[in-house]
Structure formats: structure tokens, C-alpha cells
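Novice:
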Amino acid sequence: MKWTLLAVVLGFLMDLCFGDPRWLYHPVRIIGHGITFLERILRKIFPKTKTGERIAGGLLVVGIVAASSFVPWLILHLAYGLRTWLGVALESFMCYQLLAARSLRDESKKVYDALQTGDIEKSRYAVSMIVGRDTQNLTEEGVTKAAVETVAENTSDGIIAPLFYMMIGGAVLGFAYKSVNTMDSMVGYVNDRYRYFGTAAAKLDDVLNYIPARLSAWLMIAGAWLIGMDGKNAKKIYLRDRRKHASPNSAQTEAVMAGALDIQLAGDAWYFGELHKKPYIGDPIRKVEIEDIIRSHKLMYAGTVLSLVIFGLVRVLVCVFI
Numbered sequence: 004m005k006w007t008l009l010a011v012v013l014g015f016l017m018d019l020c021f022g023d024p025r026w027l028y029h030p031v032r033i034i035g036h037g038i039t040f041l042e043r044i045l046r047k048i049f050p051k052t053k054t055g056e057r058i059a060g061g062l063l064v065v066g067i068v069a070a071s072s073f074v075p076w077l078i079l080h081l082a083y084g085l086r087t088w089l090g091v092a093l094e095s096f097m098c099y100q101l102l103a104a105r106s107l108r109d110e111s112k113k114v115y116d117a118l119q120t121g122d123i124e125k126s127r128y129a130v131s132m133i134v135g136r137d138t139q140n141l142t143e144e145g146v147t148k149a150a151v152e153t154v155a156e157n158t159s160d161g162i163i164a165p166l167f168y169m170m171i172g173g174a175v176l177g178f179a180y181k182s183v184n185t186m187d188s189m190v191g192y193v194n195d196r197y198r199y200f201g202t203a204a205a206k207l208d209d210v211l212n213y214i215p216a217r218l219s220a221w222l223m224i225a226g227a228w229l230i231g232m233d234g235k236n237a238k239k240i241y242l243r244d245r246r247k248h249a250s251p252n253s254a255q256t257e258a259v260m261a262g263a264l265d266i267q268l269a270g271d272a273w274y275f276g277e278l279h280k281k282p283y284i285g286d287p288i289r290k291v292e293i294e295d296i297i298r299s300h301k302l303m304y305a306g307t308v309l310s311l312v313i314f315g316l317v318r319v320l321v322c323v324f325i
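Under the working numbering, the first residue of the sequence shown carries the number 4, and numbering increases by one thereafter.
Right, dumping it as C-alpha cells:
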């Protein structure tokens, strides 16, 4: 545990420099395969009733979190037992794999590049790779808003929340968090298949993200001030619109992003051919423009760097005085 801060910082720097190592099979994909495999088994065992599916979904959460935590713990336990430098190197690499700042920037930049060419079909395809909504009928403004909203939400889910948990419990706790986040993205849907089976995963994801989402929002507000964005409006819109989402956490950073950029986000969206009515977040002080994607990157990095510094200082203080 005393080497955790170094491992997290090194992992963070590797993520900024290299992004996801596409040449390597990502551990989240392994977790995803485990979720699919265990879901198939549990559905065969438990009855297709409300109670049966909720019990099965609960056991899925227990099994996946336990496996996702135990495997990295065992690897790091053995590595640190052999050589400290080996343990630090492996934990740093694990932390690197758990962060998504560079990949979030790169994937949303592809949307920006496509919009720059004026090819709306290419733009819709690029944004479809990073959002869950239907994109085939999105306008240029709709594509831009979808990309900005994704950057806002994933600043918490994909970067600051993992940093928060890794600073507490290293890569092991980081993987536990990531396993819940992955389950929520795979089974946490309110549809016929997962309405009850995905309840445990969705609720636990809400719980684990409750504090990080709010920390992320305030760190992004501070970041907006530091980089010359509209920090005053970011705070105003956050306090006003942070609850305008079905999820208790998703609108937290989205509200800050809308306020800092002086634009309006969210609103109605189509998912799997069905229109979902949603309130707007932010005020249309100015029209959404393509450059807002680049501005969202700057705010994402500002909040992320602040989180690393503040979480790191807190960890040092805790280690010194406790």
C-alpha cells in the first residue's frame, strides 16, 4: 500500500502519453467476457421471475467483483513479494489500464475531425462509437452535443472515479470499481431483459459513483476557473441542473460542462428506436459549435489533473498522520 501513490501517478502519466494499449488484450474485455459467461449460467439456474432474476443479478455482482479483485491482488501480492520494483511496475501498468483520459480525448477527437470535413455520415459513425443513443439522424449540432456530453460524463466514470478508488486501495480497488462500472454498462438497462437482472449492478454503480461524481463536478468547476472558462456559470448551472437526469450521478459533470461552455446540453434522445424525453441542462447563452469538443477536452484535463494532485495530497497526509 505504501507504493500505491507512486503506482497511480506513473499509471496516470502512462495513460496521458500512450492511451489504451490496443496491442494488448484489455482486462476490461476479460471482465466483460466473465460477465457474459456468468450471466448465461445464472439464467439457467434461477427462474425467470422478478425475484429469481434479482437474486441471479446479485450473485453476478458478487462473483464478478470478487474475481476482478482477487486476481490483481494475487498477482501484486506475488510480485511485491519477489521484488518491490516488480510490484510497482505491475501496479503502475494496472493503474494505466484503468484510466481513460487519453482514449476519451482521442475517440471524441475523431468526432471533431469528422465534423471538420463536413461529412455528417462519418461524424455520426464516429460518435456512435462512444455513445449509447441512436445517431443515424443526428444533426451536426446533435453530434457535437453527444460528444461533449460523453466527455463530461466519462471524466468522472472513466478518470476521476478510478483515480479516487485507486488512491484508496490501489489497483485492486480500482479493478473492483471498474468491474461494477462494466457490469452497469452491460446489464444495467431498464428493458425487458435486464429490468430485474441488472438491478444490483445498476444500484451498486450508483452508490460507488455518488461521491466521485460530486467531487468531479467541483474539481471541474475549479478547473474552469483555472483555465479561463466560465467558472461562475459552471457553478450556477451545476447547482441548478445537477439532478436533471434519471441517474443520480450522470448530470453532475454534464451540468458543469454546460455551464463552463455557456451552452445547452441534453434534451430528448433516441435509444434503440424509442424516444426518451429528457430535460435540457444549461442555458443556450451561445450556439453549440464544433470547437466545443476541444474545449471539453481542456476542461476534462483540468479537472483530472486537479483530482490527481488533491487526491495525492490527501493520501500523503493520511499516511503521515494516521
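Glycine included, each C-beta is placed from N, C-alpha and C at the ideal position.
For clarity, every value in this text was computed on a predicted model and none was experimentally measured.
Name the two residues that bound the continuous beta strand (DSSP E) containing residue 248.
Specialist: No beta strand (DSSP E) holds residue 248; DSSP gives it neither H nor E.
Novice: In the DSSP output, what is residue 272 paired with across the bridge?
Specialist: Answer is 279.
Novice: Round the Cβ separation of residue 205 and residue 226 to the nearest angstrom and send it over; I've been treating them as touching at under 8 Å.
Specialist: Between residue 226 and residue 205 the Cβ distance is about 29 Å, and since that is not below 8 Å, they are no contact.
Novice: Let's see if you can read the secondary structure: which residues bound the alpha helix (DSSP H) around residue 165?
Specialist: Its alpha helix (DSSP H) spans residues 164-190.
Novice: What are the start and end residues of each continuous beta strand (DSSP E) run of 3 or more residues lying completely inside the segment 83-161, in chain order?
Specialist: If we require 3 residues or more, the segment 83-161 turns out to have no beta strand (DSSP E) run fully inside it.
Novice: Compute the beta-carbon to beta-carbon distance between residue 18 and residue 127, rounded to the nearest angstrom, for a pair I have assumed lies under 8 Å.
Specialist: No, residue 18 and residue 127 are not in contact; Cβ-Cβ is about 28 Å, not under 8 Å.
Novice: Evaluate residue 132 with the Cβ neighbour count: other Cβ atoms within 10 Å of its Cβ, from every protein chain shown; 16 or more gives buried, anything less gives exposed.
Specialist: That one is exposed.
Novice: On the three-pair Cβ rule with 8 Å, is the segment 45-53 touching the segment 108-127?
Specialist: Cβ pair count under 8 Å is below three, so no.
Novice: Does DSSP classify residue 284 as helix, strand or coil?
Specialist: Three-state DSSP puts residue 284 in a strand.
Novice: What do you reckon, are the CB atoms on residue 315 and residue 158 nearer than 8 Å?
Specialist: No. Outside cutoff.
Novice: Nearest-angstrom Cα distance between residue 59 and residue 46?
Specialist: Those two C-alpha atoms are separated by around 7 Å.
Novice: Taking the alpha helix (DSSP H) that residue 303 falls in, what are its first and last residues?
Specialist: That run of the alpha helix (DSSP H) goes 295-324.
Novice: Tell whether a beta-carbon distance below 8 Å holds between residue 130 and residue 150.
Specialist: A contact, by the Cβ cut-off of 8 Å.
Novice: Which value, in whole angstroms, describes the spacing of the CA atoms of residue 79 and residue 283?
Specialist: Computed Cα separation, rounded: 46 Å.
Novice: Would you grab the beta carbon distance between residue 202 and residue 57 for me? Rounded to a whole angstrom, and I think it's under 8 Å.
Specialist: That pair is a contact at about 6 Å.
Novice: Look at the alpha carbon of residue 195 and the alpha carbon of residue 259, and state the distance between them as a whole number of angstroms.
Specialist: Answer to the nearest angstrom: the Cα atoms are 33 Å apart.
Novice: Counting Cβ pairs, one atom from each stretch, are 3 or more of them under 8 Å apart for the segment 213-225 and the segment 131-145?
Specialist: Contact between the segment 213-225 and the segment 131-145 is absent, because fewer than three Cβ pairs lie under 8 Å.
Novice: How about residue 179 and residue 71: are their beta carbons less than 8 Å apart?
Specialist: Cβ atoms of residue 179 and residue 71: closer than 8 Å.
Novice: From residue 77 to residue 98, what distance separates their C-alpha atoms?
Specialist: Rounded to the nearest angstrom, the two C-alpha atoms are 16 Å apart.
Novice: Measuring CA to CA, which of 30, 84, 41 is closest to residue 74?
Specialist: Measuring from the Cα of residue 74, the nearest candidate turns out to be 30.
Novice: With a CB to CB cut of under 6 Å and the five nearest residues on each side skipped, what residues in its chain are close to residue 66?
Specialist: So the list reads 41, once near-sequence residues are dropped.
Novice: Under the three-state reduction of DSSP, which class applies to residue 52: helix, strand or coil?
Specialist: Coil at residue 52, not helix or strand.
Novice: Report the rounded CA-to-CA distance for residue 310 versus residue 193, giving the unit in angstroms.
Specialist: Cα to Cα, the separation comes out at about 32 Å.
Novice: At what residues does the alpha helix (DSSP H) containing residue 226 begin and finish?
Specialist: It spans 202-229 - the alpha helix (DSSP H) in which residue 226 sits, taken as one unbroken run.
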